[in-house]
Amino acid sequence: MMQQKRNIQIIEWEDLDKRKFYSLGVFMTMTTRAAVYPFTLIRTRLQVQKGKSLYNGTFDAFWKILKGEGARGLYRGFMVNTFTLISGQAYVTTYELVRKYVSCYSSNNTVKSLVAGGAASLVAQSITVPIDVVSQQLMVQGQGCQLTRFKLKPKMVTFGQTRDIVVQIFHADGFRGFYRGYVASLLTYIPNSAIWWPFYHFYAEQLSRLAPVDCPHLLLQAVAGPMAAATASTLTNPMDVVRARVQVEGRSSVVETFKQLLAEEGVWGLTKGLSARIISSTPTSIMIVIGYETLKRLSLRPELVNSRHW
1 MMQQKRNIQI IEWEDLDKRK FYSLGVFMTM TTRAAVYPFT LIRTRLQVQK
51 GKSLYNGTFD AFWKILKGEG ARGLYRGFMV NTFTLISGQA YVTTYELVRK
101 YVSCYSSNNT VKSLVAGGAA SLVAQSITVP IDVVSQQLMV QGQGCQLTRF
151 KLKPKMVTFG QTRDIVVQIF HADGFRGFYR GYVASLLTYI PNSAIWWPFY
201 HFYAEQLSRL APVDCPHLLL QAVAGPMAAA TASTLTNPMD VVRARVQVEG
251 RSSVVETFKQ LLAEEGVWGL TKGLSARIIS STPTSIMIVI GYETLKRLSL
301 RPELVNSRHW
């Protein structure tokens, strides 16, 4: 009986009260994004700078931004980035629905997670890329203003800055400018998502076998999440660097950007921003695992609450 209760059970889509799931999900996503946004900004600035022209690393960037631009500098572009809440809900919905669909053909959890994670990322990125293009232009203002084609007028209010960047992008590149780097984003985040979920379940299962019988499942999952995130981040970081440069610098070719990065900065250029990415993905993964698993448990249909054990 104890061993049965230790088995990690996955709550499927049909088990959820959808109203609870979406209302609690928006709050969880917003909290997570606010907590890790400074490191998302730092990652972007590190990835688009030439060599070490501005910052020597993640923590050097953190202190320089904090000293030169204040705490608000760490949240440049945050308001427009909150619109990715829409893509976040689209992601989890697609993930759960595709898992349900794939389960008709395969009971293998790795297969279900791999296919569902990739499909969810495809849908989410189609919504996210225009938001990312705008928010990243805002991120690299301030100390990093020389890193982008677009310049903001001084002393503009937050929404005025967003409008100004949107107008500049449209005038320079038209509507297509808002989807600059779309292919690079897909090549980054579809593999990232497709890798994260299978590794998360794999690490969780392995930890469950090694841990004491009375070890809480949520603790095992909270450790498995960052391990999966570090794995996925390391494997997909080279394309993430290319994606950031394509979107911020206005490049049109993923292949040429990749070649230029290698020529100018060598193989180490492909690791730019990796530590910031892992640092931001670690709390994100913990919050996603604890928050998402708790969210699903809180969203269980009332008649199922007493039949589920962890």
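For the sequence shown, full-length UniProt numbering gives the first residue as 1, with consecutive numbering after it. Beta carbons: idealized from backbone N, C-alpha and C, even for Gly.
Can you check DSSP and say which residues form a bridge with residue i?
i   : result
L16 : L300
Let me confirm a value: residue i is counted as buried when at least 16 other C-beta atoms fall within 10 Å, else exposed. Which label applies?
i           : result
Y95         : buried
A61         : buried
P302        : exposed
E12         : exposed
R6          : Because the pLDDT of R6 is 38, which lies under 50, any placement of that residue in the model is unreliable, and the question is left without a value.
F170        : exposed
S121        : buried
N108        : exposed
M239        : buried
M30         : exposed
V140        : buried
V48         : buried
Y105        : exposed
residue 389 : Residue 389 lies beyond the residue range present for the chain, which begins at 1 and ends at 310; the question has no answer from this structure.
E14         : exposed
F39         : buried
G25         : buried
S23         : exposed
V213        : exposed
Is the distance from the Cβ of residue i to the Cβ of residue j below 9 Å?
i    : j    : result
K67  : L54  : no
Y200 : S113 : yes
F59  : P130 : no
G77  : Q136 : yes
Q247 : V123 : no
L274 : S299 : no
L46  : A276 : yes
G142 : E69  : yes
I286 : P226 : yes
A228 : F202 : yes
I42  : L74  : yes
K296 : F27  : no
A71  : I127 : no
L210 : V241 : no
R243 : G181 : yes
A184 : T257 : yes
V111 : V98  : no
S50  : E205 : Strictly speaking, residue 50 in this sequence is Lys, with Ser absent from that position. Taking 9 Å as the Cβ cut-off, K50 and E205 do not qualify as a contacting pair.
I288 : T44  : no
Nearest to residue i by alpha carbon, out of the options?
i           : options                   : result
P198        : R33, G73 and G117         : G117
Q221        : P283, V242 and V254       : P283
Q168        : A244, Y22 and R149        : R149
K52         : I278, G291, L295 and G269 : G269
A194        : F258, P216, Q260 and A119 : A119
A35         : L138, I279 and G25        : I279
residue 312 : F39, D15 and T188         : Examination of residue 312 is not possible in this model, given that the chain is present from 1 through 310 alone.
T93         : R33, K18 and L138         : K18
K272        : T162, D15 and N56         : N56
L235        : C215, V166, W196 and A224 : W196
K100        : L186, K259, L16 and V213  : L16
I165        : G174, F175, L186 and L138 : L138
A224        : T32, R176 and E293        : E293
R176        : P216, D214, P212 and S252 : S252
> Considering only residues of the UniProt repeat "Solcar" (19-101), which uninterrupted alpha helix (DSSP H) runs meet the minimum length of 4 residues and lie entirely inside it, listed in chain order?
Replying inline: Taking only runs of at least 4 residues, the alpha helix (DSSP H) segments lying wholly in the UniProt repeat "Solcar" (19-101) are 58-69 and 78-81.
> In the UniProt repeat "Solcar" (108-206), which residue ranges form an unbroken alpha helix (DSSP H) of at least 4 residues, counting only runs that do not cross its ends?
Replying inline: List check, alpha helix (DSSP H) in window: 109-139 and 158-173.
> Unbroken alpha helix (DSSP H) runs of length 4 or more, entirely within the segment 225-289: which are they?
Replying inline: Counting whole runs of 4 or more residues, the segment 225-289 contains the alpha helix (DSSP H) stretches 254-265.
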